[in-house]
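Student:
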Amino acid sequence: MATRNVVLSQHQHELVESLVSSGRYQNASEVLREGLRLIERQEAEDAIKIAALRDAAERGWADLASGRYEDLADEDLDDFIGQLGAHTAQAKSAG
13 MATRNVVLSQ
23 HQHELVESLV
33 SSGRYQNASE
43 VLREGLRLIE
53 RQEAEDAIKI
63 AALRDAAERG
73 WADLASGRYE
83 DLADEDLDDF
93 IGQLGAHTAQ
103 AKSAG
């Protein structure tokens, strides 16, 4: 297994020591590996979210280009969003 030296702040050092002394982890390496797993998982989740946002933006731009949109006056926006929420809740309860 590869080894690497790392520099920790005092706070990080104390956190690692606390996690090891609590028995939750056997040593500092386990703590750091768990941290890296969490970063890896978070980055994978972020990539999925970004892909979904890009897809939604592309669909939105395509809808605009095709004229598939509805103009709303500012005073109608709250009501429209409320209707969307009700529609979504209804779809979830039916699904």
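Numbering-wise (the numbering used here), the sequence shown opens with residue 13 and increments by one.
Note that beta-carbon positions come from the ideal geometry of N, C-alpha and C, so glycine has one too.
Given the structure is predicted, the values throughout are model-derived calculations rather than measurements.
#1: Give the secondary structure of VAL32 by DSSP, where H, G and I count as helix, E and B as strand, and everything else as coil.
#2: Taking only beta-carbon atoms, is LEU96 less than 8 Å away from chain D?
#3: Contact check, VAL43 vs VAL28 under 8 Å by CB: the rounded distance?
#4: Assuming ASP75 contacts TYR81 (C-beta within less than 8 Å), just tell me the rounded distance between them.
#5: I need the straight-line Cα distance from ALA64 to ILE51, nearest angstrom please.
#6: Could you give the DSSP three-state label for ASP83: helix, strand or coil?
Tutor: So, to answer that:
#1: Reduced to three states, the DSSP call for VAL32 is helix.
#2: Of the chains in the structure shown, none is chain D; there is only one protein chain.
#3: 5 Å
#4: Right, the Cβ-Cβ distance comes to about 6 Å (below 8 Å), so this counts as a contact.
#5: ALA64 and ILE51 have their alpha carbons spaced roughly 20 Å apart.
#6: coil
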